[in-house]
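Line by line, the protein sequences are chains A and B.
Each residue of the first sequence is one higher than the one before, starting from 4 at the first, in the working numbering.
Each residue of the second sequence is one higher than the one before, starting from 869 at the first, in the working numbering.
A virtual CB, placed ideally from N, CA and C, is assigned to each residue, including glycine.
Single-structure report; data block below.
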Amino acid sequence: MDLERLSPYLPWAGLAVALLVPPLSSGSLYVLTTATIAVVFMIYASAWNFLAASGQGSLGHAAFFGLGAYASALTASNFGLPPVLTVLLGGLFAAGIGLLIGLTCVRLKEWFLAMVTFGFAIIIQTLMVSQFAGISGGWDGTAAPALVPSTVPFAPWVQYYLILAVLVGVLLAFRHLLAGRIGLAFAAIRENEVEARASGIDPVRYKLLAFCISACVAGIAGALEIHQFGYVTPEVFGTDISFWPIIYSISGGLGTLAGPIVGTLAVTLLWEGLRGLELTYARFVLIGLLLVLVVIFLPNGLVSLPRRLREWRRGRGGARE
Amino acid sequence: MTLDPGTLLQILFWGLYAGCIYILLATGVNLIFGVMKTVNFAHGELLMIGAYVTWSLFVLTGVNPYLLLVATVPVLLALGVAVERLAFRPVLGSNKLNEIFLSIGLIYLFQNGAALLWGDDYQSLRSPFEAISVPIADFRLPLDYLIIIGVTVAVLVGLQLLLRRTRLGLALRATSQNRKAAMLSGIDVERMDMLAFGLGAALAGAAGTLWAVSGQVFDPYMGSVPAIKAFAIVILGGLGSIPGAILGGLFYGLAESTATYTLGGAWKDAISFVLLIIVLVIRPTGLFGERGE
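This is how it looks when you write it as structure tokens:
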């Protein structure tokens, strides 16, 4: 099978399948909800992956996901603004905090950046349930109005298509950014920061830009998710939420546009499949094992699988000759 | 709020005690980094496993939990060696981000493996000396605090003796100073990696025992907060430096107890991050670090 010749059509095929999900879910709200959340996480994982493209690995993206969620939920319920608008406010708020954190982080190398971001989400959670409990509602959280009011006919469908449209928009924007000067600058910084600097690229500016855009999109994803759930609690800052986009992006393919999409799809299918086996903690153990094995044996993720298989086949054929 | 000498002494002892567990954890992180040039982000989970191992042994045997330190440390040493050999070795040197992501996978494995093995309820242990306290100046210090400080000092002295007085320690230090030169002098650096990771895990195990004995609750997901504090100490003291971890830990413990005393208990966990940001803005290589990694 020649996958390379087909590859220009794969995004369209993917989109077609995605568009067909609501009619094919045959009225099962569970399937549609799972699909909606998967799309939200595709947006979120793409945001994380965009930051990784600039050579920065964040271990605390839940901070931006959660801050976007809280900002949107609080503005929507306190000022009566429609969630469709406040989602954007959530994104902007997350971008602002991202800028502040980015200012301290962009000069740091991998280890320190990972340590700081790792702490950041958990510290925000601690603050949310103590210092800011008055605004945030503490551990109980706060209610969030529905993204699409239930009075709208086919509300779950509309909601799904709306979120899917956001994903397509985000992917097109990322593709545009990564194909241009910015993408080149990211690649240069990722490969060798000193050399990038020598060629006239200002790493601090580009890394900050990556931080802001990534935080903004993560904030939008967080807002979309909690308006779909109807409430937000400090659990949204948990390490789980920080690690999911990493797992999705790595298992799909780090630094590629398709990676987070393929990864989210594959891991979600695996996750839902394991639900059928009534496993609880073992599911997480398997996910952890999957991540370890992917990092060791398939560092470029599932999207590199066709190429790896071909190489392997060729290698075996060569050995036989 | 009055700052008479008695209160200051109390804050000092609180800080020393609070710092101890994090010093052990941060020393482990730095020992591993020194030799392997990698950071184990699942280090807090090793502390958690240490706490559970001590707890299980206590439930099984009923022995004084302080003595169980002797049994917990080898278990964690073996676990550390296995983790290095099976997980870190294959990706070591490939890409820093890969090594970070590997730790994330390990966090999932350890947390939920522990939940499968021991359940996900909060557990705690009672020290046999719970009721005893020692009068110092005009307040009473729980005996446990003094024992914990003593045990930490003993463990650190033991580590220093191992590193400074034995051939194995010499080989470890050589590997951490210059890996290639160490290799050329006939040191099996991969064995040193295993040993360093094992020792780091053993220190985390000792920290876990102390955590449990000091009466703090633990569950399979408790590892991330102590890990963050250890990272704050590592950044304070400079990555890879063992004296830095000890000084940074003392400084951190004092900062935490001062913040708790003046600002209130809610700041206990947040202070680590505030401190971290301040240090990073002023001096990105850490207070005692000579060069940044």
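- The three-state secondary structure of residue 1008 of chain B, taken from DSSP, is strand.
- Around residue 1093 of chain B, the beta-carbon contacts reaching into chain A at under 7 Å are 125.
- In the three-state DSSP reduction, residue 1028 of chain B falls in the helix class (H, G or I).
- Nearest CB-CB separation between residue 294 of chain A and chain B: below the 8 Å threshold.
- For residue 1071 of chain B, none of the residues of chain A pass the 9 Å Cβ criterion, the least Cβ distance being about 18 Å.
- Two segments are said to touch when three or more pairs of C-beta atoms, one from each, lie closer than 8 Å; by this definition the region 194-210 of chain A does not touch the region 65-83 of chain A.
- Between residue 316 of chain A and residue 301 of chain A, the CB-CB gap reaches or exceeds 8 Å.
- At a C-beta separation below 7 Å, residue 129 of chain A has these neighbours in chain B: 1137 and 1138.
- The residue among A:93, A:234, A:219 and A:288 with its C-alpha nearest the C-alpha of residue 250 of chain A is A:288.
- Residue-level contact check: residue 304 of chain A does not touch chain B, since none of the beta carbons of chain B fall below 8 Å from its beta carbon.
- Counting only unbroken stretches of 4 or more residues, the alpha helix (DSSP H) elements lying wholly within the region 205-258 of chain A are 206-232 and 242-255, in sequence order.
- It is roughly 36 Å from the alpha-carbon of residue 922 of chain B to the alpha-carbon of residue 254 of chain A.
- The beta carbon of residue 942 of chain B does not come within 8 Å of any beta carbon belonging to chain A, so the residue lies off that interface.
- For residue 228 of chain A, not one C-beta of chain B is nearer than 8 Å to its own C-beta.
- The C-beta of residue 115 of chain A comes closer than 8 Å to at least one C-beta of chain B.
- Listed by position along chain B, the residues whose Cβ is nearer than 9 Å to that of residue 271 of chain A form an empty set, because the closest Cβ is around 16 Å away.
- At a cut-off of 8 Å between beta carbons, residue 1015 of chain B makes no contact with chain A.
- Among the CB atoms of chain B, none fall inside 8 Å of the CB of residue 120 of chain A.
- Residue 893 of chain B does not reach chain A, its nearest Cβ partner there being about 13 Å away, counting only Cβ pairs nearer than 8 Å.
- Assignment of residue 14 of chain A by DSSP, reduced to helix, strand and coil, places it in the helix class.
- Within the same chain, and ignoring the five residues on either side of residue 131 of chain A in sequence, the residues whose Cβ sits closer than 6 Å to its Cβ are 139 and 237.
- Closest in alpha carbon position to residue 232 of chain A, among A:136, A:168 and A:43, is A:43.
- Below the 7 Å Cβ cutoff, chain B contributes no neighbours of residue 44 of chain A, its closest Cβ being approximately 16 Å away.
- Beyond the five residues adjoining it in sequence on each side, residue 1053 of chain B comes within less than 8 Å, by CB distance, of 1042 in the same chain, given in chain order.
- Straight-line measurement puts the Cα of residue 979 of chain B at about 28 Å from the Cα of residue 1027 of chain B.
- The residues 71, 219, 222 and 223, in chain order, have a CB closer than 6 Å to that of residue 94 of chain A in the same chain once the five nearest residues on each side in sequence are set aside.
- In the same chain as residue 912 of chain B, and ignoring 5 residues on each side of it, the C-beta atoms closer than 6 Å to its own belong to 1091, 1092, 1094 and 1095, in chain order.
- Put simply, the CB of residue 246 of chain A is near chain B, with a gap under 8 Å to one of its CB atoms.
- In the DSSP assignment, the residues bridged to residue 1003 of chain B are B:1008.
- Here DSSP, grouped into helix, strand and coil, assigns residue 901 of chain B to helix.
- In the three-state DSSP reduction, residue 162 of chain A falls in the helix class (H, G or I).
- Considered as a whole, the region 53-88 of chain A harbours 65-82 as its complete alpha helix (DSSP H) runs of no fewer than 4 residues, in chain order.
- Any Cβ of chain A closer than 8 Å to the Cβ of residue 1120 of chain B would place that residue at the interface, and such an atom is absent.
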